[in-house]
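Number of protein chains: 2
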Amino acid sequence: MAAIGSTRTAQGGPTLTARGAATRARIIEAAADLVFQQGVSATTLDDVMAASGTSKSQLYHYFADKDALTNAVVVRETERVLDAQDHLLRDANSLAGLRAWAAAIVEFHRERRGVGGCPIGSLAGELSDSSEDARLLLQAGFAMWEDRIRAVLDAMHGTGELRADAVTADLAAAILTALQGGLLLTQTTHLTRHLELGLQMALEHVALECNTGHRHKKARQSGQ
Amino acid sequence: MAAIGSTRTAQGGPTLTARGAATRARIIEAAADLVFQQGVSATTLDDVMAASGTSKSQLYHYFADKDALTNAVVVRETERVLDAQDHLLRDANSLAGLRAWAAAIVEFHRERRGVGGCPIGSLAGELSDSSEDARLLLQAGFAMWEDRIRAVLDAMHGTGELRADAVTADLAAAILTALQGGLLLTQTTHLTRHLELGLQMALEHVALECNTGHRHKKARQSGQ
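In order, the protein sequence lines correspond to chains A and B.
Going by UniProt numbering, 81 is the number at position 81 of the first sequence; the sequence numbering is gapless.
Going by UniProt numbering, 216 is the number at position 216 of the second sequence; the sequence numbering is gapless.
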C-alpha cells in the first residue's frame with residue numbers, strides 16, 4: 001500500500017535516469033490505456049510492447065512480470081482518478097462544494113455515456129479476487145479517495161455547517177459507496193440516472209447531519 | 001433482453017430433448033463457475049469443455065461462439081442472484097422487510113468476506129464496454145432486480161406506510177445503487193462496512209418518505 005503516492009522506481013533499483021523513468025512511464029501509460037479498454041486479463045505483455053514501442057528486454061528491465069506491471073497500472077489509475085477531481089475536492093469545504101463535485105462527476109460521465117465507468121472500480125471488480133497485491137493497492141486507493149471526501153466533511157465540522165456529532169468517516173464511506181454503485185450502473189445503462197440518484201441520496205444524507213438550512217425538502221414538509 | 005426469463009433453446013432450434021437441455025445447462029453451469037472465479041476474458045472454451053466434460057462439437061451444437069455462451073452465463077447468473085433473494089423480497093411489504101433483506105445480504109457477504117462481490121455487478125464491469133449484447137442483458141437484469149425492490153415499495157404505498165408522493169422508482173434505483181457500490185467495496189476491502197453503511201443510508205432514505213414512526217433518529221432530534 002505504501003506504493004501509492006511514493007516515488008516508484010525500477011525493480012531493485014533506487015533511482016532511474018530521466019530517460020529510464022520516461023520509458024517506464026510510457027510502458028505504464030500504454031498498459032493503462034489497454035487495460036481501461038479491454039481489462040487486465042485480455043491485455044498481454046505483447047500488446048503493451050507494441051503499444052509502447054518497447055522491446056521485451058526493456059519491459060522486463062522495469063517490470064518483473066505482468067503482475068508487477070498490473071500493480072503499477074493500479075497505482076497510476078488511482079493517481080489519475082484522484083488528480084482529476086483534486087481541484088474540486090481540495091477547494092470544497094461545504095455541502096455546496098460537495099454538490100458541485102458531484103455535479104461535475106455526473107456531467108463527466110453523461111458526456112461519455114458512462115463508457116469506462118470508474119477505472120478504479122473496474123480494476124477492483126476484475127482483480128480483487130485474483131490478486132491480493134492488487135486488492136490491497138485498490139483498497140488503499142479507495143481509502144485515499146474516501147479520505148479526500150472526508151476532509152471536506154471535516155472542514156464542514158470546522159465551520160459548524162456539519163453537526164459536531166456527525167461521524168465524518170461513515171458519511172464519507174456512504175458517499176463513496178453511492179458513487180461507485182452509480183458509476184457501475186451508469187456504465188451498464190449508459191444513463192446517469194443511478195449516479196445522480198445515488199449521489200443525491202448521499203448528499204441529502206449529509207444534509208440531515210447539518211445544522212439547519214439544508215434539510216431534505218420532504219423532511220421539512222412532514223413537519224414532525 | 002427478451003432472453004431473460006424466457007425459455008432458452010439451442011441455436012436455431014425451438015426445442016431440446018431432456019438430455020440436450022441437461023447438456024446445455026451443464027455447459028452453462030461450468031462456464032458460469034469459471035467466469036465467477038476468473039472472469040469472462042480469462043475463461044476459454046477449452047476450459048469450459050474440460051470442466052463440463054463436453055466435446056467441441058457438443059459445445060458448438062448449443063452455442064455459436066464464446067459470445068453466445070457468455071450471454072447465456074449472464075442470463076443464468078441474473079436468475080441465480082434474483083432467485084437467491086426471491087423469498088426475502090417476495091414476502092417483504094414493509095420497511096422492516098427491506099431491512100431484513102438488507103441484513104441477509106450483509107450476512108451472506110460477511111460470511112464469504114466479500115469474495116466474488118456481486119456476480120451481476122462483476123459481469124457488468126467486465127462486459128459493459130466490450131459487448132453490446134451482454135450490456136443489454138445486464139441492464140435488463142439490473143432492471144428486474146430494481147423492479148423487485150420497487151414492488152416492495154409499491155406494497156408500502158398500498159399499506160400507507162410509504163407516503164403517497166414518494167417516487168418508488170427513484171427509491172428503488174437509489175437502493176440498488178447503494179447495494180452495488182457496497183458489494184464492490186466489500187469485494188475489495190473484505191469488510192462489509194461500506195455495504196452496511198450504504199444500505200443503511202438507502203433505507204433511511206426510504207424511511208424519510210414514510211408516514212411517521214420510521215424517521216431518522218437525528219432528524220427527530222434536531223426537532224426543526
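Don't be surprised by glycine CBs; every beta carbon is placed ideally from N, CA and C.
Fair warning: this is a prediction, and the values are worked out from it, not measured in the lab.
Quiz item: Excluding the five sequence neighbours on either side, which residues of its own chain have a C-beta within less than 7 Å of the C-beta of A/Asp170, listed in chain order?
Solution: Position 170 of the first sequence, counted from the start, is the residue given in the question as residue 170 of chain A. Excluding residues within five positions, none has a Cβ falling inside 7 Å.
Practice problem: Ignore the nearest five residues each way along the sequence and tell me which others in A/Ala100's own chain have a CB closer than 8 Å to its CB. | Solution: Locating residue 100 of chain A in the first sequence gives position 100, where the first residue counts as 1. Closer than 8 Å at Cβ, skipping near neighbours: Leu88, Ala92.
Quiz prompt | Given A/Leu197 as reference, the closest of B/Ala155, B/Leu59, B/Arg135, B/Val167 once Cα atoms are compared | solution = Along the first sequence, read from residue 1 onward, the residue named residue 197 of chain A stands at position 197. Among B/Ala155, B/Leu59, B/Arg135, B/Val167, the Cα nearest to that of A/Leu197 belongs to B/Val167.
Quiz item: For the alpha helix (DSSP H) that contains A/Val115, what are its first and last residues?
Solution: Reading the first sequence from its first residue, position 115 is the one you call residue 115 of chain A. For A/Val115, no alpha helix (DSSP H) encloses it, and the DSSP letter there is neither H nor E.
Quiz item: With a cut-off of 8 Å, does the C-beta of B/Gln85 fall near any C-beta of chain A?
Solution: Against the second sequence, residue 85 of chain B aligns to sequence position 85. Not one beta carbon of chain A lies nearer than 8 Å to the beta carbon of B/Gln85.
Quiz item: Using a Cβ-Cβ distance under 8 Å, would B/Glu126 count as near chain A?
Solution: Numbered from its first residue, the second sequence carries residue 126 of chain B at position 126. At least one chain A Cβ lies under 8 Å of B/Glu126.
Quiz item: Whose CA, out of A/Thr23, A/Ile175, A/Arg112, lies closest to the CA of residue 230 of chain A?
Solution: Residue 230 of chain A is absent from the model: chain A starts at 1 and stops at 224.
Self-check item: Where A/Met201 meets chain B, residues with beta-carbon distance less than 8 Å
Solution: By one-based count along the first sequence, residue 201 of chain A stands at place 201. Chain B residues near A/Met201: Ala174, Thr177, Ala178, Met201, Ala202, His205.
Self-check item: C-alpha distance - A/Leu123 paired with A/Ala103, whole-angstrom precision
Solution: Working through the first sequence from its first residue, we reach residue 123 of chain A at position 123. Working through the first sequence from its first residue, we reach residue 103 of chain A at position 103. Roughly 24 Å separates the two Cα atoms.
Quiz prompt | Coarse secondary structure for A/Leu184, derived from DSSP in three states | solution = Taking the first sequence and counting its residues from 1, one reaches residue 184 of chain A at position 184. In this structure, A/Leu184 counts as helix in the three-state DSSP scheme.
Quiz item: Among the residues of its own chain, which have a CB less than 8 Å from the CB of B/Arg26, if the five just before and after it don't count?
Solution: Within the second sequence, numbered from 1, the residue matching residue 26 of chain B stands at position 26. Closer than 8 Å at Cβ, skipping near neighbours: Ser52, Gly53, Thr54.
Self-check item: Where B/Gly181 falls, given that 16 or more other Cβ within 10 Å makes a residue buried
Solution: Counted from its first residue, the second sequence places residue 181 of chain B at position 181. With 16 or more other Cβ atoms within 10 Å, it is buried.
Quiz item: With 16 as the cutoff for other CB atoms within 10 Å, does A/Ala31 come out buried or exposed?
Solution: By one-based count along the first sequence, residue 31 of chain A stands at place 31. A residue is called buried once 16 or more other Cβ atoms fall within 10 Å of its Cβ, and A/Ala31 is buried on that count.
Quiz prompt | DSSP state of B/Leu162 mapped onto helix, strand, coil | solution = In the second sequence, the residue the question calls residue 162 of chain B occupies position 162. When DSSP states are grouped into helix, strand and coil, B/Leu162 belongs to the strand group.
Quiz prompt | Selection of the UniProt domain "HTH tetR-type" (21–81) of chain A by Cβ proximity to chain B, strictly under 7 Å | solution = Under the 7 Å Cβ criterion, the UniProt domain "HTH tetR-type" (21–81) of chain A contributes Gln38, Gly39, Ser41, Ala42.
Quiz item: Is any heavy atom in the ligand FMN found nearer than 7 Å to the beta carbon of A/His109?
Solution: What this structure holds is no ligand at all, so the ligand FMN is not there to describe.
Practice problem: Could you name the residues of chain B that A/Val115 contacts, counting a contact when the two beta carbons are closer than 9 Å? | Solution: Walking along the first sequence from the start, residue 115 of chain A turns up at place 115. Residues of chain B passing the Cβ test: Ser128, Asp129.
Quiz item: Is the number of C-beta pairs between the segment 198–212 of chain B and the segment 128–143 of chain A that are closer than 8 Å three or more?
Solution: In short, these stretches do not touch, since the Cβ pair count stays below three.
Quiz item: For B/Pro119, which option in B/Leu184, B/Thr15, B/Leu16, B/Ala42 has the closest C-alpha, if you only look at C-alpha atoms?
Solution: Translated into positions along the second sequence, residue 119 of chain B becomes position 119. Scanning B/Leu184, B/Thr15, B/Leu16, B/Ala42 for the CA closest to the CA of B/Pro119 turns up B/Leu184.
Self-check item: Option in B/Ala18, B/Leu95, B/Glu77 with minimal Cα separation from B/Ala151
Solution: Sequence index remark: in the second sequence, residue 151 of chain B carries index 151 (1-based). B/Ala151 has its Cα closest to that of B/Leu95, out of B/Ala18, B/Leu95, B/Glu77.
Practice problem: Check the Cβ of B/Leu138 against every Cβ in chain A and list those closer than 8 Å, keeping chain order. | Solution: For the purposes of this step, residue 138 of chain B is taken as residue 138 along the second sequence, with counting starting at 1. In chain order: Thr188.
Quiz item: Taking C-alpha atoms, which residue in A/Leu191, A/Gly121, A/Leu153, A/Thr17 lies nearest to A/Asp165?
Solution: By one-based count along the first sequence, residue 165 of chain A stands at place 165. Looking at the Cα atoms, A/Leu153 is the closest of the given residues.
Quiz prompt | Neighbour flag for A/Arg150 against chain B, beta carbons, 8 Å | solution = As a working note, residue 150 of chain A is residue 150 in the first sequence. Judged by the 8 Å Cβ criterion, A/Arg150 is not in contact with chain B.
Quiz item: Given B/Val35, which residues of its chain have a CB within under 7 Å of its CB, disregarding the five upstream and five downstream residues?
Solution: Locating residue 35 of chain B in the second sequence gives position 35, counting from the first residue. Within the same chain, and ignoring the five residues on either side of B/Val35 in sequence, the residues whose Cβ sits closer than 7 Å to its Cβ are Thr43, Val73.
Self-check item: Test: A/Arg135 CB closer than 8 Å to a CB of chain B
Solution: On the first sequence, residue 135 of chain A is found 135 positions in, with the first residue counted as 1. Yes, because at least one Cβ of chain B sits closer than 8 Å to the Cβ of A/Arg135.
Quiz item: Shorter than 8 Å from the beta carbon of B/Leu88 to some beta carbon of chain A?
Solution: Taking the first residue of the second sequence as 1, we reach residue 88 of chain B at position 88. With 8 Å as the cut-off, B/Leu88 does not count as an interface residue toward chain A.
Exercise. Determine the chain A residues that contact B/Gly160 at a beta-carbon separation under 7 Å, and present them in chain order.
Key: Within the second sequence, residue 160 of chain B is the residue found at index 160, counting from 1. Near B/Gly160 there are no residues of chain A at all, since even the closest Cβ is about 14 Å away, more than 7 Å.
Quiz item: Relative to the C-alpha of B/Ala172, which residue among A/His194, A/Ala172, A/His190 is closest?
Solution: Translated into positions along the second sequence, residue 172 of chain B becomes position 172. Each of A/His194, A/Ala172, A/His190 was checked against the Cα of B/Ala172, and the nearest Cα belongs to A/His194.
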